[in-house]
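Colleague: Structure below; questions to follow.
Chains as they are written, first to last, in the numbering used here: chain V, 5 to 470; chain S, 239 to 704.
What follows is the structure in structure tokens.
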């Protein structure tokens, strides 16, 4: 008689003890693996309860802090690994994210599967330095997560590139707008950075060719814009360590070759690599490892190599506006572990200023995404002052900035994904005519917030169309 | 709340079981179940709980009214009132947008869509209460005099959200008196674990694979990719829905309720007529008993009756034209089978009958999937080779091989192998062996499901601020 009781008793014991343990075990605040803040216990009040906010946030809180969560995730990963025969040479990882499939009015099934795959909102990102930019980060994470899939090929993770001519024409005309609207600028440079799918993937796996896209972009550019051929320079050195195996960024060495290409276009003599001080941070598992959790990537762990220019520099950052500089460092040499790429510039500040010991009167403004971080530290070798704007966070007016500091040159340094995002052109056009930060900062934020949402939608649809 | 969530499994369910079984009095037991059901319902959308209780109250009163005047013409008023309110709510909340949209389209007007959120489970509970009042009117069931007990019938969380559509007559006695038996409880646990496994490990996985193929721009979809995608959707919808029904039935057993089966291995059907005897049985029998037969059934206006029933069946699934087309599509096939095909099918080899049936089921699901008719037509053109799209690509080959074991398991679970094995075990083995096999299966299903559920909360961000 007893036998069939066992499964009932065991089942009940598991769910009961699991339920109790949840409240007893300590909770973590941040997930190292996922690079995000874990959801916290929501505030309990009647308003939240009746609006359903409490319930949905409590769900997130419960899921994020579930007992032995990391162990379960590992087990889940092992289970999925065994769903079929895995191709050891090449693996495709597609995570349908941000799926907001329009659900017509049917309550009959599948509602929660959509919720499952939605997971959490991107707003819950680790963001210690500047809470105000949360909305912008959403869009940045969207930029990257629009990437339909990541391929792991020969122990290297590569994003599959997809771009469109329409987006690149838009970007080109945005740069022409800078040319016509800003007076007194000597040179405008444009550097499109490949992300490596041309170099490291057999052509049958990648959908769009990076070289053709960059060529198309440069052909659309007026001759007065000086286009930097970083692609060829990188292609010549593709057997070297120019792209991380486990991260979506390029390496310091990759950035160095782009710097060579820049010097050739701009007419500088570039510093030979031997003259630079080489430093290395070991054991870097990057973002694409955490995206795929692929074991083979772990066997090919990265190290962050960086090259320091011999010049004496002073670095400053601006948290808001274009005055009130605070000191920081060009290299954050304490960066370790999953954050090792942060050695370049330390963080994505809205605006940075580097003062060099060179006295040639030339001042350059670099407009960049996170790829630009590895490139920026070479510029003080040739410019008296370098201003670095992160297009995602800078809310000031570029014309004012140029006027105030007497900037002579501008360089756009973006990877090819960022160039293909309508959010980029939206932000960078906005920065030309931005409002005065101080008076309208709160207003600005809300406008940007609503605009962001729109532009994300657009970015979504364009990236899907490709 | 949904069954396949950690919060339900490790907090709601153990608490519910614990409190429920710690009291002896059956009236208090019912109150506990009602309270838990309301919490379960309110967890998703607290605002609709009022509608649920109000709707239940009206039907409760109508039941009393009809009972009082049973046999007299005035009793019909109660019936009309039930139909008026239930269908009224259903139309207001589920179909008003659709109606306004079409009205605007036809008459070029500009009425604003009301834009109600769909109250969860309304399609299920309105049908349950309608069937109750009709059955009271016909004298087939006794009236329920206690509102708590009636509310229990309407709101019982096992079947409230996603069916099966439980008829009052099925559980009349169990509402008042339920007998506890360990055998039932144990079978309930097994059934629940099985359902959870079907939902989490088959349906959710199939859903994410399906999205890879069908959620992007169709222009780059390959022919085989299209077939693979829609087959994944067919698996998703079956395992999602039948998994839910399994969990509902299993939960019922744990609490002493016995619901009727809702699915009977529909994908092994030998004709579409057969399919509709095996698919969502509680819905098709509802339409049969309350619409088709009262209209005259096979005897009077047979073709008209089929047309009405299947248009309504389609409409029940959602307020969109594609669902209506989907219903009519099956109505037409059923008609053709009845008038012509059945004679031919009877002489056809079984294997061909399966191929025939599955083909039309899968095409049916594509009508169900694409709410946009243009998309649907494009999709059909692609999978039948009327476009220039590739026949085959790396993505589909990869998805097929990488999930081949999982796919085999899914196909096995579509067949009654599990049941057959259970029966064989009953016959050949001693009880202890049978129970230990079941115990291992239950716990394995449960642990795997929980792992995958936790795994689905893994949500890494590629981008982060250093």
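Glycine included, every Cβ here is placed at the ideal spot set by N, Cα and C.
Computed from a prediction, not measured in an experiment: that's the story for all the values here.
With DSSP run on the structure shown, which of helix, strand or coil describes residue 475 of chain V?
Modeller: A query on residue 475 of chain V cannot be resolved here, the shown segment of chain V reaching from 5 to 470 and no further.
Colleague: Which one of V/224, V/182, V/237, V/188 has the shortest CA to CA distance from residue 203 of chain V?
Modeller: V/237
Colleague: Here's a check: name, in chain order, each residue in its chain whose Cβ is nearer than 7 Å to the Cβ of residue 42 of chain V, leaving out the five neighbours to either side.
Modeller: 32, 33, 34, 35, 68, 69
Colleague: With respect to the alpha helix (DSSP H) encompassing residue 3 of chain V, which residues constitute its N-terminal and C-terminal limits?
Modeller: For residue 3 of chain V there is no data in the structure shown, the boundaries of chain V being 5 and 470.
Colleague: Can you check whether the C-beta of residue 389 of chain V is within less than 7 Å of a C-beta belonging to chain S?
Modeller: Look at residue 389 of chain V: its C-beta is not under 7 Å from any C-beta on chain S.
Colleague: Can you pull the DSSP bridge partners for residue 156 of chain V?
Modeller: V/95, V/161
Colleague: Given a threshold of 16 other Cβ atoms within 10 Å of its Cβ, counted over all protein chains shown, does residue 126 of chain V qualify as buried or as exposed?
Modeller: Bear in mind that a pLDDT of 29 at residue 126 of chain V, under 50, signals an unreliable position, so the number given afterwards is only what the model happens to contain. A residue is called buried once 16 or more other Cβ atoms fall within 10 Å of its Cβ, and residue 126 of chain V is buried on that count.
Colleague: Which runs of the alpha helix (DSSP H) fall wholly inside the stretch 331 to 381 of chain S and span at least 4 residues, in chain order?
Modeller: 334 to 345, 360 to 376
Colleague: Where does residue 370 of chain V fall in DSSP's three states?
Modeller: strand
Colleague: Here's the rule I'm using: 16 or more other beta-carbon atoms within 10 Å means buried, otherwise exposed. How should residue 47 of chain V be labelled?
Modeller: The residue in question, residue 47 of chain V, is exposed, as its Cβ has fewer than 16 Cβ neighbours within 10 Å.
Colleague: Check whether the stretch 486 to 498 of chain S and the stretch 423 to 433 of chain S are in contact - that is, three or more C-beta pairs closer than 8 Å.
Modeller: yes
Colleague: Starting from residue 230 of chain V and walking both ways along the beta strand (DSSP E), at which residues does that stretch end?
Modeller: 229 to 232
Colleague: Along the beta strand (DSSP E) that carries residue 307 of chain V, what are the first and last residues, could you check?
Modeller: Per DSSP, residue 307 of chain V belongs to the beta strand (DSSP E) from 306 to 312.
Colleague: Give a yes or no on whether 7 Å exceeds the smallest Cβ distance from residue 10 of chain V to chain S.
Modeller: yes
Colleague: Nearest chain V C-beta to residue 564 of chain S closer than 7 Å, yes or no?
Modeller: Chain V places no beta carbon closer than 7 Å to that of residue 564 of chain S, leaving this residue out of the contacts.
Colleague: For the beta strand (DSSP E) that residue 427 of chain V lies in, which residues bound it at each end?
Modeller: Segment 426 to 436 is the alpha helix (DSSP H) holding residue 427 of chain V; no beta strand (DSSP E) there.
Colleague: From residue 408 of chain S to residue 532 of chain S, what distance separates their C-alpha atoms?
Modeller: 21 Å
Colleague: With C-beta atoms as the reference, is residue 326 of chain V less than 7 Å away from residue 385 of chain V?
Modeller: no
Colleague: Out of V/428, V/371, V/414, which has the shortest C-alpha to C-alpha gap to residue 191 of chain V?
Modeller: V/414
Colleague: Look up residue 361 of chain V in the DSSP assignment and say whether it is helix, strand or coil.
Modeller: coil
Colleague: Can you pull the chain V residues whose beta carbon is under 7 Å from the beta carbon of residue 248 of chain S, in chain order?
Modeller: 19, 22, 23, 26
Colleague: For residue 688 of chain S, go through chain V and note every residue whose CB falls closer than 8 Å to its CB, in chain order.
Modeller: 76
Colleague: Anything in chain V within Cβ reach of residue 680 of chain S, meaning under 9 Å, just list it in chain order.
Modeller: 11, 14, 15
Colleague: Taking the beta strand (DSSP E) that residue 419 of chain V falls in, what are its first and last residues?
Modeller: 413 to 419
Colleague: Output yes or no for whether 7 Å exceeds the beta carbon distance between residue 680 of chain S and residue 399 of chain V.
Modeller: no
Colleague: Residue 438 of chain S and residue 242 of chain S: beta carbons closer than 7 Å?
Modeller: Going by beta carbons, residue 438 of chain S and residue 242 of chain S fall inside the 7 Å limit.
Colleague: Can you find a CB in chain V that lies within less than 7 Å of the CB of residue 695 of chain S?
Modeller: yes
Colleague: Any contact between the stretch 304 to 324 of chain V and the stretch 337 to 352 of chain V? By contact I mean 3 or more CB pairs, one from each, below 8 Å.
Modeller: Yes: at least three Cβ pairs fall under 8 Å.
Colleague: Can you tell me whether residue 243 of chain V is buried or exposed, with buried defined as 16 or more other CB within 10 angstroms of its CB?
Modeller: exposed
Colleague: My assumption, with CB atoms under 8 Å, is that residue 66 of chain V sits in contact with residue 416 of chain V. Please give the rounded CB distance.
Modeller: The Cβ separation is near 45 Å, so there is no contact.
Colleague: Taking only three categories from DSSP, how would you classify residue 320 of chain S?
Modeller: Residue state for residue 320 of chain S is assigned as helix, using DSSP reduced to three classes.
Colleague: Can you check whether the C-beta of residue 661 of chain S is within less than 7 Å of a C-beta belonging to chain V?
Modeller: no
Colleague: Whole-angstrom Cβ separation of residue 381 of chain S and residue 302 of chain S, contact assumed at under 8 Å?
Modeller: 6 Å
Colleague: Kindly give me the distance between the Cβ atoms of residue 77 of chain V and residue 688 of chain S, rounded to whole angstroms, as I take these residues to be in contact under 8 Å.
Modeller: Going by Cβ atoms, the distance from residue 77 of chain V to residue 688 of chain S rounds to 11 Å, so no, they are not a contact pair.
Colleague: To the nearest angstrom, how far is it from the Cα of residue 23 of chain V to the Cα of residue 434 of chain V?
Modeller: 50 Å
Colleague: Around the Cβ of residue 670 of chain S, are there at least 16 other Cβ atoms within 10 angstroms (buried) or fewer (exposed)?
Modeller: Residue 670 of chain S comes out exposed.
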